[in-house]
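Undergrad:
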Amino acid sequence: MYSLINSLVIGAIRARYVTLIAALVIVLAGAIAWHRLPLEAYPELSNPQVRIISLYPGKGAEEVEKLVTIPLEKELYGIPKETALRS
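Residue numbering for the sequence shown follows the numbering used here, beginning at 571 and increasing consecutively.
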């Protein structure tokens, strides 16, 4: 009438020292594995980048620069911690 989980729990309670030793071995193995992880396992973090593509159909390059690009650049220069801006 007992389910598998009930049987496992009852067995773990009856053999509590074996269960405790097994848990300690698993924790110790995890700590050793964590300590041995190479630094290359962590991702290389770079500055976030944003790319804005502005289109103005039917207008020439000079008009797009005057009406869209220059106003956008003026607003983007005010962003805090902004390090570079290319146009």
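Backbone N, C-alpha and C define an ideal beta-carbon position, used for all residues, glycine too.
Looking only at its own chain, which residues have a Cβ that is under 7 Å from the Cβ of Thr-589, when we skip the five neighbours before and after it?
TA: Ala-582
Undergrad: Under 8 Å between the Cβ atoms of Leu-646 and Leu-655?
TA: Against a cut-off of 8 Å, the Cβ pair of Leu-655 and Leu-646 comes out as a contact.
Undergrad: Hey, could you find the ends of the alpha helix (DSSP H) Thr-639 is sitting in?
TA: Following the DSSP letters along the chain, one finds Thr-639 in no alpha helix (DSSP H), marked with neither H nor E.
Undergrad: Please confirm whether Tyr-626 and Val-620 have their CB atoms less than 8 Å apart.
TA: no
Undergrad: Start and end of the alpha helix (DSSP H) containing Gly-600?
TA: 586 to 605
Undergrad: Going straight from the alpha carbon of Leu-594 to that of Glu-652, what length do you get?
TA: When rounded, the distance between both Cα atoms is 49 Å.
Undergrad: Do Leu-642 and Ile-622 have their C-beta atoms within less than 8 Å of each other?
TA: yes
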